[in-house]
Amino acid sequence: MTKIVCSDCRHENEPERIYCHNCGARLDRTEIKKEKAASEESVEHTQARMKKMFAPGRGRKKQIALKLLKVFLLALLAAVVLDLFLPPDWPEPLKSDAFAPMINMDLFTALENHSPPQLVYNQEQVNAYLAAAIKRANSPAKEGLLPISRIFVQFEEGVCRINVEERFFGVPFFESASYRVSIDRQKIVADNTGGYIGRMPIHPALMKNLDLLFDKTWATLARERKDVARLAAIQFHPQSVTLVTAR
Numbered sequence: 041m042t043k044i045v046c047s048d049c050r051h052e053n054e055p056e057r058i059y060c061h062n063c064g065a066r067l068d069r070t071e072i073k074k075e076k077a078a079s080e081e082s083v084e085h086t087q088a089r090m091k092k093m094f095a096p097g098r099g100r101k102k103q104i105a106l107k108l109l110k111v112f113l114l115a116l117l118a119a120v121v122l123d124l125f126l127p128p129d130w131p132e133p134l135k136s137d138a139f140a141p142m143i144n145m146d147l148f149t150a151l152e153n154h155s156p157p158q159l160v161y162n163q164e165q166v167n168a169y170l171a172a173a174i175k176r177a178n179s180p181a182k183e184g185l186l187p188i189s190r191i192f193v194q195f196e197e198g199v200c201r202i203n204v205e206e207r208f209f210g211v212p213f214f215e216s217a218s219y220r221v222s223i224d225r226q227k228i229v230a231d232n233t234g235g236y237i238g239r240m241p242i243h244p245a246l247m248k249n250l251d252l253l254f255d256k257t258w259a260t261l262a263r264e265r266k267d268v269a270r271l272a273a274i275q276f277h278p279q280s281v282t283l284v285t286a287r
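When we follow this note's numbering, the leftmost residue of the sequence shown carries the number 41, and every step to the right adds one.
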């Protein structure tokens, strides 16, 4: 507690005194009154805060808010899981691959003879070829816990989208990725423009790190990728692809 200093003789007096113990002069108790008022105000503030803290219903409201947050997070997680595993809106598989063109033989011949200057295939022809390719003897598509049951492509202007269906003990998993493709010094340069896992869209920056999902696909089509790398250029158009051979 603050002591009262006499204004006449500067003697320090106990806070309860009214007159100076040394010289008898009347003491100025203004500071003592201010300190007392501040103390009482602090006590009132503390009481109000404690009352608010233990007010009926406060804990219940907090519990309700936490439960609502948990429900929201669970619903969000469920929506993400459903999008990852639900089948996308893909076209129906081809009924038969009996009419599949021998694209690999056409490409080999064109590369060796430098003729014709270009090969053009529509989307249906390429998909028929891919359907036959995954059924080849000793194809990597059949290996492992996630055998490939389907590969098909979709062509847009300047973009190729490759779609893959794999199965884990009969349960299907779907992934797709879009690429802008060019050929530079007998190397395929593929710039990812995004993709999907199930129905969940994946940003291109993240999709680049998920390219391992397509490792088995690239292994299945290793022979075709090697030949394509020898081309002068590859051009994608809506529903078709043009393979340009070097002159």
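Every residue gets a Cβ at the ideal spot worked out from N, C-alpha and C, and that includes glycine.
Residue environment, Cys49, which counts as buried when at least 16 other CB atoms sit within 10 Å
Indexing the sequence shown from 1 puts residue 49 at position 9. Per the 10 Å Cβ criterion, exposed.
Taking DSSP as the reference, what is the three-state secondary structure of Glu132?
The residue given as residue 132 occupies position 92 in the sequence shown. Coil at Glu132, not helix or strand.
Lys102 to Leu109, Cα distance in whole Å?
Counting from one through the sequence shown, the residue named residue 102 turns up at place 62. Counting from one through the sequence shown, the residue named residue 109 turns up at place 69. Straight-line Cα distance between these residues: approximately 11 Å.
Can you list, in chain order, the residues of its chain with a C-beta nearer than 7 Å to that of Leu126? Leave out the 5 residues immediately preceding and following it.
In the sequence shown, the residue the question calls residue 126 occupies position 86. Gly238, Arg239, listed in sequence order.
Could you give the DSSP three-state label for Ile58: helix, strand or coil?
The residue labelled residue 58 in the question sits at position 18 within the sequence shown. Ile58: coil per DSSP, three-state reduction.
Please list, in chain order, all residues of the same chain as Val268 whose beta carbon is under 8 Å from its beta carbon, the five residues on each side excluded.
Here residue 268 is taken as the residue at index 228 of the sequence shown, counted from 1. So the list reads Leu147, Ile223, Ile228, Ile274, Leu283, once near-sequence residues are dropped.
Would Thr233 and Ser216 be called neighbours here (beta carbons separated by less than 7 Å)?
By one-based count along the sequence shown, residue 233 stands at place 193. By one-based count along the sequence shown, residue 216 stands at place 176. Contact: no.
Could you spell out the range, first to last residue, of the beta strand (DSSP E) harbouring Glu183?
As a first step, residue 183 must be located in the sequence shown, where it is residue number 143. Unbroken run through Glu183: none, as it is neither H nor E.
By Cβ distance, which residues of its chain are closer than 8 Å to Phe254, with the 5 residues on each side in sequence left out?
In the sequence shown, the residue the question calls residue 254 occupies position 214. Cβ within range, chain order: Ile202, Val204, Glu215, Ala217.
Starting from the C-beta of Gly184, find all residues in its chain whose C-beta is less than 8 Å away, skip the five residues before and the five after it, and write them out in chain order.
In the sequence shown, residue 184 corresponds to position 144, counting from 1. Taken in chain order, the residues that qualify are Lys256.
Rounded straight-line distance, which links the Cα of Leu261 to that of Asp231:
Numbered from its first residue, the sequence shown carries residue 231 at position 191. Numbered from its first residue, the sequence shown carries residue 261 at position 221. Cα to Cα, the separation comes out at about 18 Å.
Identify, in the order they occur along the chain, each residue of the same chain with its Cβ nearer than 6 Å to the Cβ of Gln165, setting aside the five sequence neighbours on each side.
Here residue 165 refers to the residue found at position 125 of the sequence shown. Within the same chain, Gln165 has close Cβ partners Pro141.
Per DSSP, Pro212 is paired with what?
If you number the sequence shown from 1, residue 212 lands on position 172. Answer is Arg207, bridged to Pro212.
Relative to the C-alpha of Glu206, which candidate in Cys200, Ala181, Leu252, Phe195 has its C-alpha closest?
Stepping through the sequence shown from its first residue, residue 206 is reached at position 166. Nearest of Cys200, Ala181, Leu252, Phe195 to Glu206, Cα basis: Ala181.
State the Cα-Cα distance for the pair His154 and His243, rounded to the nearest angstrom.
Mapped onto the sequence shown, residue 154 falls at position 114. Mapped onto the sequence shown, residue 243 falls at position 203. Each residue's Cα considered, the two are about 39 Å apart.
How is the beta strand (DSSP E) around Leu151 delimited, first residue to last?
Counting from one through the sequence shown, the residue named residue 151 turns up at place 111. No beta strand (DSSP E) holds Leu151; the alpha helix (DSSP H) holding it covers 143-153.
Distance check for Leu117 and Lys271, CA to CA, integer angstroms please.
For this step, residue 271 is matched to residue 231 along the sequence shown. For this step, residue 117 is matched to residue 77 along the sequence shown. A small fix is needed here, since residue 271 is Leu in this sequence, not Lys. Roughly 45 Å between the two C-alpha positions.
Which term fits Cys63, buried or exposed, when burial requires 16 or more other beta carbons within 10 angstroms of its beta carbon?
Position 23 of the sequence shown holds residue 63. Exposed.
Let me know the beta strand (DSSP E) ranges lying completely inside the segment 239-264, each 3 residues or longer, listed in chain order.
240-242
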